[in-house]
Every structure is written in structure tokens, then in C-alpha cells.
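S.K.: Numbering-wise (the working numbering), the sequence shown opens with residue 6 and increments by one.
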Amino acid sequence: MTTQRTDLQIAHEAAMKGASVIRHYTENRDRLTIDHKGRHDLVTQADVETEQKIIEVIRHYHPDDAFLGEETSADAGLSDARTWIIDPIDGTTNFAHAFPVFCISIALWENKEAKAGVVYEFNSGELFSAEKGGGAFLNGRPISVSKADKPEEALLATGFPYRDLEIIDPYLGLLKVFMEETHGVRRPGSAAYDLASVAAGRIDGFFEYALSPWDVAAGTLLITEAGGTVTDWQNGQDWLFGKRIICGNEAMTSYMSDRINRHIPEKLRRAKGG
Ligand code: IPD
Ligand code: CA
Ligand code: CA
6 MTTQRTDLQI
16 AHEAAMKGAS
26 VIRHYTENRD
36 RLTIDHKGRH
46 DLVTQADVET
56 EQKIIEVIRH
66 YHPDDAFLGE
76 ETSADAGLSD
86 ARTWIIDPID
96 GTTNFAHAFP
106 VFCISIALWE
116 NKEAKAGVVY
126 EFNSGELFSA
136 EKGGGAFLNG
146 RPISVSKADK
156 PEEALLATGF
166 PYRDLEIIDP
176 YLGLLKVFME
186 ETHGVRRPGS
196 AAYDLASVAA
206 GRIDGFFEYA
216 LSPWDVAAGT
226 LLITEAGGTV
236 TDWQNGQDWL
246 FGKRIICGNE
256 AMTSYMSDRI
266 NRHIPEKLRR
276 AKGG
């Protein structure tokens with residue numbers, strides 16, 4: 006009798022097999038070719054081949070499922086059908102420079118809701134996982150968001166804008182406020198890792214501008230399952246495609262939201278664009 010694999014087990018297996026493609030290139034860096042999608046937007050053949058491997062593993066179990074993957078189906082959109090949202094290497098710039106923070110992010114969504122997700126940080130071997138309603142875990146141990154409820158106790162993380170440079174000045178103003186009011190702001194270079202770090206209570210709050218669905222589809226499930234909150238930049242829920250996200254425990258989300266309201270002009274806070 007064969008036991009049916011759960012979606013989380015499939016995501017885990019796909020991440021491990023994807024990681025073996027990445028490992029091949031970390032061990033053979035001379036074979037790595039780096040292309041530019043944009044001035045600050047890199048892609049390597051490791052990104053493409055890792056995504057292909059992940060899809061191959063999932064298709065083996067669920068041939069009819071849909072995919073929204075950064076490298077092979079970025080324009081696919083999201084229907085109510087079972088859809089795997091994949092970022093094969095989140096943190097490609099880090100990967101290309103051998104800076105050791107980059108993740109595989111895989112989430113299953115259905116009826117516009119995340120059902121299961123994993124974030125695998127390649128260098129530390131940390132596997133963050135969650136299933137809807139089942140809590141969040143790091144290497145099998147339960148995790149939860151931090152309890153910090155004052156900015157002066159908080160460590161924040163973000164990603165710097167690099168496509169839409171119109172936001173740079175107000176963004177720098179916002180960073181100044183966070184630098185003055187909190188323990189500091191980190192920029193690890195992988196949004197999936199930032200989100201997983203919020204879920205694990207290492208980072209108290211995270212905000213970013215211009216992220217894509219594959220950056221956040223798994224990490225946000227980790228956060229809600231770890232007891233945290235996720236919003237867009239207008240206190241709404243349009244963060245999967247809306248390109249603006251804030252998350253943390255409830256107190257930190259509301260603190261960051263207040264400062265973003267005060268320091269970022271309304272037209273830049275509106276979902277989409279950027
Ligand atoms: C990037 C990383 C980075 C974030 C960028 C993303 P990629 O993903 O998550 O932290 O600041 O906006 O595009 O391109 O390395 O998959
Ligand atoms: Ca990404
Ligand atoms: Ca990527």
C-alpha cells in the first residue's frame with residue numbers, strides 16, 4: 006500500500022531536490038552564467054534549472070496542478086485552482102556573489118488562500134514550514150512571532166527599492182525614523198528569509214516595497230501560522246500582487262503601518278505599481 010504524500014511533504018521534497026541543483030552550481034561556480042533582467046535584477050541558469058526541478062517533482066504527484074513560478078510562468082496569475090507559487094532562488098544577487106543568504110520558497114495556494122509552504126535557507130539548512138491551521142515550524146520545532154510591543158525593543162528588516170527609484174527619498178526618510186526609534190534595520194537580501202525570520206521571532210517586523218507573489222507566498226503563511234499579522238501599505242490585504250507588505254506581531258505591524266502612513270506619500274502607498 007502506498008501512503009499518499011501531503012502537500013507539505015511534496016513541497017519539502019521539491020525543495021530538497023531543487024537544493025541539489027543549487028549545490029551543483031555552488032560547487033561549480035565557474036560554470037555559472039549571470040544575466041541581467043534589469044540594471045539591478047540578476048538571473049542565473051541555476052534559478053531556471055532549480056525551478057524546473059521543483060516543478061518536475063510536484064508534477065510527478067499532481068500532474069494537473071497549476072504553477073506560478075518566477076522563472077517559467079511569472080505571468081500565469083492566480084485562479085482558485087491548486088497553484089504552486091515558486092521562487093527557486095530568493096536572493097539571487099546574494100547567490101551570484103556567494104553571500105550566504107538565499108532561499109527556495111514554495112507555497113501551495115487554493116481558492117486564493119495559502120494551504121502549505123516551505124522556505125529553505127540553503128546555507129544554514131534551515132527548513133521553515135507551515136500548513137494552514139497547523140502552526141509554523143523550523144526544522145520540525147514550533148516557532149512563533151516575537152512578543153516585542155515597543156519600537157525600542159524591536160529589530161526590523163526590509164529590502165531596498167531597486168526598480169522604482171521614485172520611492173527612494175521618502176523611503177530613506179522612513180529608514181531614518183526606524184533607525185532612530187528601533188534597535189536597527191537589517192537587509193539580508195532575501196524576502197523569503199526575512200519573512201521566515203519574522204515567523205521565528207528573530208526579526209520583530211518587516212516591510213518592503215515592490216515584492217512579487219513568489220517572494221511572499223510561503224513566508225506569509227509561516228507568519229500567520231506563527232501568530233503574526235500581514236497587511237499591505239493601506240491596512241488592507243492586497244499584498245500578494247499589491248507589491249507592498251508589512252508584517253510582524255500585531256503591535257509591530259501597527260507601529261510600522263503608522264510610520265509608513267506618515268512618511269510615504271499616499272500615491273506610493275497604494276497597492277500595485279512599483
Ligand atoms: C529578491 C529578494 C530581495 C528583495 C527583492 C526580490 P530575487 O528576490 O527577495 O530581498 O529585496 O525585491 O526581488 O530576485 O532574488 O528572487
Ligand atoms: Ca525573490
Ligand atoms: Ca528568484
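Ideal placement from N, C-alpha and C gives every residue a C-beta, glycine not left out. These numbers come from a predicted model, not from an experiment.
Anyone know if the C-beta pair for residue 121 and residue 131 falls short of 8 angstroms?
M.R.: no
S.K.: To the nearest whole angstrom, what separates the beta carbons of residue 284 and residue 62, a pair I think is in contact under 8 angstroms?
M.R.: The first residue shown for the chain is 6 and the last is 279, placing residue 284 beyond what the model contains.
S.K.: Please state the DSSP three-state secondary structure of residue 159.
M.R.: coil
S.K.: Could you tell me which whole alpha helix (DSSP H) segments of length 4 or greater appear in the stretch 160–231?
M.R.: For the stretch 160–231, whole alpha helix (DSSP H) runs of length 4 or above, ordered along the chain, are 173–186, 196–204, 218–221 and 224–230.
S.K.: Can you give the Cα-Cα distance for residue 70 and residue 89, rounded to whole angstroms?
M.R.: 7 angstroms
S.K.: On the three-pair Cβ rule with 8 angstroms, is the stretch 78–96 touching the stretch 156–164?
M.R.: no
S.K.: Would you say the beta carbon of residue 75 is closer than 7 angstroms to some non-hydrogen atom of ligand 3?
M.R.: yes
S.K.: What number of angstroms, rounded off, separates the C-alpha of residue 202 from the C-alpha of residue 233?
M.R.: 12 angstroms
S.K.: Are the Cβ atoms of residue 140 and residue 147 separated by less than 8 angstroms?
M.R.: yes
S.K.: With a threshold of 6 angstroms on Cβ separation, who are the neighbours of residue 284 within its own chain once the five nearest residues in sequence on each side are excluded?
M.R.: No information on residue 284 is available, as it lies outside the stretch 6 to 279 that the chain covers here.
S.K.: Put residue 23 into one of helix, strand or coil per three-state DSSP.
M.R.: helix
S.K.: Compare the beta carbon distance of residue 59 and residue 105 with 8 angstroms and say whether it is the shorter of the two.
M.R.: Judged by beta-carbon spacing, residue 105 lies beyond the 8 angstroms limit of residue 59, meaning their Cβ atoms are not closer than that value.
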